[in-house]
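Q: Counting in the UniProt record's numbering, the sequence shown runs from 1 upward without gaps. I'd like to ask you about the structure that follows.
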Amino acid sequence: MPSQKLSKLELTIMETLWTHGVCSIREIHDAFPKRGRPAYTTVQTMVYRLEAKEMLRRAKKISNAHIFEATITREAAERRLIDDLLGLFGGRAQPVMAHLIESGKLTMGDIKEAEKILKGLGKKDENA
1 MPSQKLSKLE LTIMETLWTH GVCSIREIHD AFPKRGRPAY TTVQTMVYRL EAKEMLRRAK
61 KISNAHIFEA TITREAAERR LIDDLLGLFG GRAQPVMAHL IESGKLTMGD IKEAEKILKG
121 LGKKDENA
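Below, the structure is given as structure tokens:
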């Protein structure tokens, strides 16, 4: 899997594909809010760059319009972004966790869910 980073605009395009499924460039462009919508040619260029990065592909062609679909999942993209973020901190999660707690963005529910995941990972290690 390619390891290129995604820009905010690229993520917005990918979000459209994850939400709506296969789309033409026109449909992707129209999914942007009217206020602040990038030019059609900008979206087109970004779609072609995402295709070169192997994040999406041409699924089919209808008349002159190419129809695109995502080749990576939202979860894979999120994991990549999180790995990139942790890389900025030398791979340490503690500074990120501390910030989330101090800013109030990490709830007790989030912590309980994380504990469940950690316990599940611990059980996998015991069984291996």
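We put the CB at the ideal spot given by N, CA and C, even for glycine.
With DSSP collapsed to three states, give me the class of isoleucine 101.
A: Along the sequence shown, read from residue 1 onward, the residue named residue 101 stands at position 101. It is helical.
Q: Report the three-state DSSP secondary structure of isoleucine 28 (helix, strand or coil).
A: Your numbering for residue 28 matches position 28 in the sequence shown. In this structure, isoleucine 28 counts as helix in the three-state DSSP scheme.
Q: Per DSSP, which residues does arginine 58 bridge with? Please list them.
A: Looking up residue 58 in the sequence shown gives position 58. Per DSSP, Phe68.
Q: Would DSSP call methionine 1 helix, strand or coil?
A: Reading the sequence shown from its first residue, position 1 is the one you call residue 1. Residue confidence is low: methionine 1 scores 45 on pLDDT, short of 50, so the model does not pin down where it sits. Its coordinate-derived value is still stated next. If DSSP states are grouped into helix, strand and coil, methionine 1 belongs with coil.
Q: Grouping DSSP H, G and I as helix and E and B as strand, with all else coil, what is serine 7?
A: Position 7 of the sequence shown holds residue 7. Three-state result, serine 7: coil.
Q: Exposed or buried, phenylalanine 68, counting other C-beta atoms within 10 Å across all chains shown (16 or more means buried)?
A: Sequence index remark: in the sequence shown, residue 68 carries index 68 (1-based). Burial call: buried.
Q: Would you report the Cα separation of histidine 20 and arginine 37, rounded to the nearest angstrom?
A: Within the sequence shown, residue 20 is the residue found at index 20, counting from 1. Within the sequence shown, residue 37 is the residue found at index 37, counting from 1. Taking the straight line joining both Cα atoms gives about 18 Å.
Q: Using a Cβ-Cβ cut-off of 6 Å (strictly less than) and excluding sequence neighbours within five positions of arginine 57, which residues of its own chain qualify?
A: Translated into the one-based positions of the sequence shown, residue 57 becomes position 57. The residues are Thr71.
Q: In the DSSP assignment, find the unbroken alpha helix (DSSP H) run with alanine 76 in it and report its ends.
A: As a first step, residue 76 must be located in the sequence shown, where it is residue number 76. Where alanine 76 is concerned, the enclosing alpha helix (DSSP H) stretches over 74–88.
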